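Visitor: The structure that follows is given in the form of structure tokens.
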Amino acid sequence: MPTLYQLNTYRFENNFEGIVNLITMKEWVWKSEDLGASWEIRDIRPELQNKANELRAQLIETAVEQDDEWTERFLEGEEPSVDDLHVLIRKGTLSMSFVPVLCGSAFKNKGVQPMLNAVIDYLPVLLDVPPYEGFKPGDISETET
């Protein structure tokens, strides 16, 4: 199931400006003149706050479903912290319960840094996957590397 982690923002109708991180609830805005080399992280603009809150609620619901203890705590009215959300999202991503959906523009180099952060935060490292099994050339017995 695709799960949105960010809300894209536009200065004008077709001018991609930045993203709202739905986990930290901060807005990342890139300067257009330097092709994404610099950005500003700031509080969310008031006109984006309602949509961001709505999407964050959906993200939290999906994330807490990854852990029975957190599901129970959520149903009792507790909301996970940013750190807890990172753990739950990583758990859901590793179990392939959902797929992260991120916003950005590779052409304008906007959104690339948050995407790289998400790769580090949520995708598996070598310790998360079993050793590779295969065959040595000329040998039919399985081997681990």
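According to the working numbering, the residues represented by the sequence shown are 102 to 246, in order. We treat Cβ as the ideally placed atom computed from N, Cα and C, and that holds for glycine. Because the structure is a prediction, the values reported are computed rather than measured.
How many angstroms separate the CA atom of I221 from the CA atom of V188?
Guide: 12 Å
Visitor: So, under 8 Å CB-CB, E145 and M126 are touching, yes? Tell me the CB distance rounded to an integer number of Å.
Guide: At residue 145 the sequence reads Ile, which differs from the Glu that was named. With 8 Å as the limit, I145 and M126 qualify as a contact, their Cβ atoms being about 6 Å apart.
Visitor: Tell whether a beta-carbon distance below 8 Å holds between L79 and I120.
Guide: As shown, the chain starts at 102 and ends at 246. That puts residue 79 outside it, with no answer to give.
Visitor: At a cut-off of 7 Å, would you count S133 as near the ligand FMN, judging by its Cβ distance to the nearest heavy atom?
Guide: Here there are no bound small molecules, and the ligand FMN is not part of this structure.
Visitor: For Q167, which of R157, E148, R191 has the nearest alpha-carbon?
Guide: R191
Visitor: To the nearest angstrom, how far is the alpha carbon of L224 from that of T194?
Guide: 7 Å
Visitor: Between the Cα of A158 and the Cα atoms of I124, M197, V226, S133, which residue gives the shortest distance?
Guide: Distance check between A158 and each of I124, M197, V226, S133 places I124 closest, using alpha-carbon atoms only.
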